[in-house]
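Okay, so the sequence shown: first residue is 1 according to the numbering used here, each after it adds one. As C-alpha cells, the structure follows; a few thoughts come after it.
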Amino acid sequence: MSSFNVCLTELKIILASGSPRRCELLKSLGLDFEIIKPDVDESILKNELPEKLCVRLAELKAGAIASVHKNSLVIAADTVVVIDDKILGKPKNRDEAFSMLKILQGREHKVLTGIALALNGNLISDFESSSVKFRPLSDNEIRAYILTGESDDKAGAYAIQGKGALLVEQINGDYFNVVGLPLCKLGFMLEKFDISLTKVLNV
Numbered sequence: 001m002s003s004f005n006v007c008l009t010e011l012k013i014i015l016a017s018g019s020p021r022r023c024e025l026l027k028s029l030g031l032d033f034e035i036i037k038p039d040v041d042e043s044i045l046k047n048e049l050p051e052k053l054c055v056r057l058a059e060l061k062a063g064a065i066a067s068v069h070k071n072s073l074v075i076a077a078d079t080v081v082v083i084d085d086k087i088l089g090k091p092k093n094r095d096e097a098f099s100m101l102k103i104l105q106g107r108e109h110k111v112l113t114g115i116a117l118a119l120n121g122n123l124i125s126d127f128e129s130s131s132v133k134f135r136p137l138s139d140n141e142i143r144a145y146i147l148t149g150e151s152d153d154k155a156g157a158y159a160i161q162g163k164g165a166l167l168v169e170q171i172n173g174d175y176f177n178v179v180g181l182p183l184c185k186l187g188f189m190l191e192k193f194d195i196s197l198t199k200v201l202n203v
C-alpha cells in the first residue's frame, strides 16, 4: 500500500453515504466533505456472516465512488443489527419495524458497522462491534416509538441518538458505532493510510 503522509484536512473528502447520522458525526470532527450516495445492491448473500456483510457493503460503496473520484478520500460505512444469528437491516415498512423491535425488546443484540476507506487506488476496510440491551417494552410502547418515524430507514428499526435512547438499557462498546460511524476505528484506519490527524486534534 502507498504511504500518503498527508494531513486529513488537506484532502478532498467524500462521504459515500446518504445517512444524516454519519454526516453529523463526520461534521463533529470539524471536517469539510462532500456527500455522494452510492448506488449499490445491498442484498444479503446466501449464508453471509454479518461481519462479512457489513464490510463487503462498505467496500462496495467506497469502490463505487472511488472509481470516479480517484484522488479523493472516500469514507463509506454499513451498519447491521444482529440477534439470534439473524441480520436485521432497514425495515421495509412499519409492520416489519414492529416485528424487529418486538424481537429486540428486553434482550441484548449486536450492532456491527463495516468501514471502508479508498484513496488513490488503495482500499482498506474493517468493522466495529457493540452490544446493546433493550429494556422490556410493551406493544403499545413499540407502536408509539414507531409513530415517531425514527424506525424508518434505520438498521434494527431504532435510532439510539434520538428517542430510541429511551429503549436502551445498556451498551457495551462504541456508542458512535451504534449511531452508524465508529469514529475511533475511523481514526485508526486513517493512520494505516499514514494520514495525520494532528490538525483535526488541534495539536
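Heads up, the beta-carbon is just placed ideally off N, CA and C, and yes, glycines get one too. Treat the numbers as computed from the prediction; the structure is a model and nothing was measured.
Taking only the alpha-carbon atoms, compute the straight-line gap between residue i and residue j and give it to the nearest angstrom.
i           : j           : result
residue 168 : residue 132 : 7 Å
residue 15  : residue 140 : 37 Å
residue 72  : residue 13  : 6 Å
residue 90  : residue 11  : 32 Å
residue 1   : residue 21  : The predicted model places residue 1 with a pLDDT of 49, which falls under 50 and marks its position as unreliable; any figure quoted below should be read in that light. Their Cα atoms are separated by approximately 30 Å.
residue 7   : residue 49  : 35 Å
Taking the DSSP output, what are the residues bridged to residue i?
i           : result
residue 127 : 114
residue 33  : None; residue 33 has no bridge partner.
residue 83  : 86
residue 7   : 196
residue 132 : 109 and 171
Is the beta carbon of residue j closer than 8 Å to that of residue i?
i           : j           : result
residue 101 : residue 137 : yes
residue 104 : residue 83  : yes
residue 130 : residue 111 : yes
residue 127 : residue 107 : no
residue 94  : residue 142 : no
residue 190 : residue 197 : yes
residue 172 : residue 113 : no
Where do the N-terminal and C-terminal ends of the beta strand (DSSP E) with residue i fall, by residue?
i           : result
residue 168 : 168-172
Just to check my reading of the structure: residue i and residue j have Cβ atoms closer than 8 Å, yes? What is that Cβ distance to the nearest angstrom?
i           : j           : result
residue 74  : residue 117 : 7 Å
residue 201 : residue 77  : Their Cβ separation, rounded to whole angstroms, is 21 Å, which puts residue 201 and residue 77 out of contact at 8 Å.
Which residue marks the beginning of the alpha helix (DSSP H) containing residue i, and which one marks its end?
i           : result
residue 13  : Premise fails: residue 13 lies in the beta strand (DSSP E), 13-15, not in any alpha helix (DSSP H).
residue 101 : 94-104
residue 145 : 139-147
residue 65  : 50-66
residue 38  : Note, residue 38: premise wrong, no alpha helix (DSSP H); not H, not E.
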